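Structure first, commentary second.
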Amino acid sequence: MRSDQRRSITVRAPGKINVYFRVGALQDDGYHEVASLYQAVSLFEEVTATESDAFSLRFGGPIDTAGLPTDDTNLAIRAAKLLAAHTGYQGGVDLTVLKRVPIAGGMGGGSADAAATLLACDELWCTGVGRSGLAALAAELGADVPFALEGGTAVGTGRGDELSQALAKGTFHWVLALSDGGLSTPEVYNMLDRHRDDHANELGEQPEYVKVETAVLQAVRVGDAESLADSMHNDLQAAALRLAPELTKLLELGESRGALAGIVSGSGPTVAFLVESAQEASELKSVLTRAGVSALTVTGPVHGARVIEG
Numbered sequence: 001m002r003s004d005q006r007r008s009i010t011v012r013a014p015g016k017i018n019v020y021f022r023v024g025a026l027q028d029d030g031y032h033e034v035a036s037l038y039q040a041v042s043l044f045e046e047v048t049a050t051e052s053d054a055f056s057l058r059f060g061g062p063i064d065t066a067g068l069p070t071d072d073t074n075l076a077i078r079a080a081k082l083l084a085a086h087t088g089y090q091g092g093v094d095l096t097v098l099k100r101v102p103i104a105g106g107m108g109g110g111s112a113d114a115a116a117t118l119l120a121c122d123e124l125w126c127t128g129v130g131r132s133g134l135a136a137l138a139a140e141l142g143a144d145v146p147f148a149l150e151g152g153t154a155v156g157t158g159r160g161d162e163l164s165q166a167l168a169k170g171t172f173h174w175v176l177a178l179s180d181g182g183l184s185t186p187e188v189y190n191m192l193d194r195h196r197d198d199h200a201n202e203l204g205e206q207p208e209y210v211k212v213e214t215a216v217l218q219a220v221r222v223g224d225a226e227s228l229a230d231s232m233h234n235d236l237q238a239a240a241l242r243l244a245p246e247l248t249k250l251l252e253l254g255e256s257r258g259a260l261a262g263i264v265s266g267s268g269p270t271v272a273f274l275v276e277s278a279q280e281a282s283e284l285k286s287v288l289t290r291a292g293v294s295a296l297t298v299t300g301p302v303h304g305a306r307v308i309e310g
């Protein structure tokens, strides 16, 4: 069969912001219990899956992907092979990922790739696993993958992969301040653990059980940006700021120039500024750009992984 006759499916999946993130005590298995409020935002990865006898991956888009692996260590390849093993599918797939979500930026770009790959391959291979089955496979791949599949606004508990949709009204406007480099999620967690160990006498015993506070759930339920700004929180933020001190000045700049609040998204280093309107988002983006910061305006919540072509 000629390559131009091969069937393809293209799926789009969103990046996310953690508008609230609590981290419990370090467990014996090396993981932490977390409680997160995720919001999917209008910055999308696109994955095109094309029929093939083997598995391959390549990247395109506006982001420098030179350092990203294209072998079995990449989450998208792992997602495709997991689905093939689960369904007994004997072929492969050529994956082309159009990247827009910052790499190692705390916005779940790799997880979005994996979620999009699961859906694209299920459609391409006609394996019929469906949304609920794909969600179970997504949870095997990583804590953020099920949310990228689902989208919207959701509470994540356990390791972040046990999801329950949160009621959300209206549209929230965000300005994302991007960094040139990334932060390693394990390094940020390690910094948090070391800080807690060093200050155990002051901080007291860390909680085994963490939850998303009622105030932040109420804020998204009524679509109130000011209330959400007051209730946003990220336990990982202080650790991220220690590893990337320049983010402190960035937060101060945004909050002094119109943002209702700023927060490090997940393990960082992307900083998300919540603003009141599209106009204020545009103005803050201009301020950040003039200061030499790469910035984007996005809105949330948006849908999860969806087929857009094929």
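Counting along the sequence shown from 1, when you hit position 260 you're at 260 in UniProt numbering, and nothing is skipped either side.
Cβ coordinates follow ideal geometry from the N, Cα and C atoms, glycine included.
All of these numbers come straight from a predicted model, not from anything done at the bench.
- Between ALA54 and ALA79, the gap from beta carbon to beta carbon reaches 8 Å or more.
- The three-state reading of DSSP puts ARG221 in helix, counting H, G and I together.
- For THR70, the three-state secondary structure derived from DSSP is coil.
- For secondary structure counted as the beta strand (DSSP E) over 3 or more consecutive residues, the segment 89-166 holds these complete runs in sequence order: 92-98, 153-157 and 162-165.
- DSSP places VAL216 within a helical segment (H, G or I) once states are collapsed to three.
- Straight-line spacing of the CA atoms in HIS195 and VAL264 works out to 18 Å.
- By the Cβ neighbour-count rule, LEU284 is buried, with 16 or more other Cβ atoms within 10 Å of its own.
- With contact defined as three or more Cβ pairs closer than 8 Å, the segment 59-71 and the segment 26-44 are not in contact.
- In the structure shown, ILE263 adopts extended strand secondary structure according to DSSP, grouped into three states.
- In the structure shown, THR185 adopts helical secondary structure according to DSSP, grouped into three states.
- At a Cβ-Cβ threshold of 8 Å, ALA168 and ARG131 do not count as neighbours.
- Here GLU33 carries a strand assignment [DSSP, helix/strand/coil].
- Taking C-beta separations shorter than 8 Å and ignoring five residues to either side along the sequence, the partners of VAL275 in its chain run HIS173, TRP174, VAL175, ALA225, GLY258, ALA259, LEU260, ALA281 and LEU284, following chain order.
- Going by DSSP, HIS173 is part of the beta strand (DSSP E) stretching over 172-178.
- Excluding residues up to 5 positions away in sequence, ASP94 lie with their Cβ nearer than 6 Å to the Cβ of SER56 in the same chain.
- When rounded, the separation of the alpha-carbon atoms in THR297 and LEU178 is 11 Å.
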